[in-house]
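Position one of the sequence shown corresponds to residue 4 (our numbering), numbered consecutively onward.
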Amino acid sequence: MRKKITIILIFLIVFGAENFAERRYVSKTGTSTPPYTSWETAADSIMKAMNLSIQGDSIIVGEGVFTEVVIFNRGVTLIGMGWESTTIKFVEGNSSHEAILMTDNTCISNLKIEGYSMQISKDGIYAIRHADLNLNVRINNVKISNFFTGIALSGFYNVFADTNYISTA
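Dropping the structure here:
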């Protein structure tokens, strides 16, 4: 009996966590009212939505050019409306070395990342494996232009625990 209760509790914890995942929105036309869970209350920047997001959350980015550096929280998915309509633009003079900084269990898809020059040490997407985490990232249908390095993966790679998927159309 005790074993059954333990199994049921584990099942509820593992599968119950998915029910708490949020879908947040980013749009040039939303009211930017937290927690950004509809197009009407959508954040006006990706980082505003990212700052409220936790593992399992998804951020849907509407049409427009978003001029910012995006630093992912672990386990968050970022989805644009497509190359032609959703762009993350890296501004000239920005002190950051990357437009997008990904970490473990993150995913980015359906958007364009645009730099300003081929300056050395500027990356479109940079993903780093920290010592206490794995590095499992997904990059799907993302167009990266005008950077010295399009995608850079860094850190100690663990062949048994790390899996990275990069695909293009």
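Glycine included, C-beta positions come from ideal geometry on N, C-alpha and C.
Quiz item: Which stretch, first to last residue, makes up the beta strand (DSSP E) that contains residue 114?
Solution: Indexing the sequence shown from 1 puts residue 114 at position 111. Following the DSSP letters along the chain, one finds residue 114 inside the beta strand (DSSP E) bounded by residues 109–117.
Quiz item: For the alpha helix (DSSP H) that contains residue 51, what are its first and last residues?
Solution: Indexing the sequence shown from 1 puts residue 51 at position 48. Element bounds for residue 51: 49–55.
Practice problem: Output the distance between the C-alpha atoms of residue 164 and residue 56, rounded to the nearest integer angstrom. | Solution: Start at 1 with the first residue of the sequence shown, and residue 164 comes out as number 161. Start at 1 with the first residue of the sequence shown, and residue 56 comes out as number 53. Across the structure, residue 164 and residue 56 are spaced so that their CA atoms are roughly 24 Å apart.
Self-check item: Between the CA atoms of residue 72 and residue 50 - distance to the nearest angstrom
Solution: Within the sequence shown, residue 50 is the residue found at index 47, counting from 1. Within the sequence shown, residue 72 is the residue found at index 69, counting from 1. Taking the straight line from one Cα to the other gives about 8 Å.
Quiz item: Are there three or more Cβ pairs, one per stretch, closer than 8 Å when the segment 69–83 is compared with the segment 118–127?
Solution: As far as the Cβ criterion goes, the segment 69–83 does not touch the segment 118–127, which means the pair count is below three.
Self-check item: Limits of the unbroken beta strand (DSSP E) element including residue 137
Solution: Counting from 1 along the sequence shown, the entry for residue 137 is found at position 134. Premise fails: residue 137 is in no beta strand (DSSP E) and is neither H nor E.
Quiz item: Which class does residue 69 belong to by DSSP, given the choice of helix, strand or coil?
Solution: Your numbering for residue 69 matches position 66 in the sequence shown. Per DSSP, reduced to three states, the secondary structure at residue 69 is strand.
Quiz item: What do you reckon, are the CB atoms on residue 127 and residue 158 nearer than 8 Å?
Solution: Here residue 127 refers to the residue found at position 124 of the sequence shown. Here residue 158 refers to the residue found at position 155 of the sequence shown. Their beta carbons are not under 8 Å apart, which means residue 127 does not touch residue 158 by this criterion.
Quiz item: From residue 89 to residue 166, what does the alpha carbon distance come to, in whole angstroms?
Solution: For this step, residue 89 is matched to residue 86 along the sequence shown. For this step, residue 166 is matched to residue 163 along the sequence shown. In this model, residue 89 and residue 166 are separated by some 27 Å (Cα to Cα).
Quiz prompt | Residues near residue 81 in its chain [Cβ-Cβ closer than 6 Å; skip 5 each side] | solution = By one-based count along the sequence shown, residue 81 stands at place 78. Excluding five sequence positions before and after residue 81, the CB atoms of its chain that fall closer than 6 Å to its own CB belong to 62 and 111, given in chain order.
Exercise. Check the C-beta distance from residue 26 over to residue 38 and give it rounded, since I have them as a contact under 8 Å.
Key: Translated into positions along the sequence shown, residue 26 becomes position 23. Translated into positions along the sequence shown, residue 38 becomes position 35. A Cβ-Cβ separation of about 10 Å leaves residue 26 out of contact with residue 38 under the 8 Å criterion.
Quiz prompt | Residue closest to residue 168, alpha-carbon to alpha-carbon, out of 138, 65 and 146 | solution = Here the question's residue 168 lines up with position 165 in the sequence shown. Nearest of 138, 65 and 146 to residue 168, Cα basis: 138.
Quiz item: Looking only at its own chain, which residues have a Cβ that is under 8 Å from the Cβ of residue 40, when we skip the five neighbours before and after it?
Solution: The sequence position of residue 40 within the sequence shown is 37, counting from 1. Counting only Cβ-Cβ distances below 8 Å, and skipping sequence neighbours, we find 25, 26, 27 and 28.
Exercise. Determine, using beta carbons only, whether residue 151 and residue 124 come nearer to each other than 8 Å.
Key: What you label residue 151 is simply residue 148 of the sequence shown in a count that begins at 1. What you label residue 124 is simply residue 121 of the sequence shown in a count that begins at 1. It is a contact, given that the beta carbons lie within the stated cut-off.
Quiz item: When you compare each of 58, 54 and 46 to residue 65 by their alpha carbons, which one comes out closest?
Solution: Sequence index remark: in the sequence shown, residue 65 carries index 62 (1-based). The shortest C-alpha separation from residue 65 is found at 46.
Self-check item: Own chain residues within Cβ distance below 6 Å of residue 86, not counting five before or after
Solution: Working through the sequence shown from its first residue, we reach residue 86 at position 83. Closer than 6 Å at Cβ, skipping near neighbours: 115 and 146.
Quiz item: Does the Cβ-Cβ distance between residue 59 and residue 44 come in under 8 Å?
Solution: Position 56 of the sequence shown holds residue 59. Position 41 of the sequence shown holds residue 44. Against a cut-off of 8 Å, the Cβ pair of residue 44 and residue 59 comes out as no contact.
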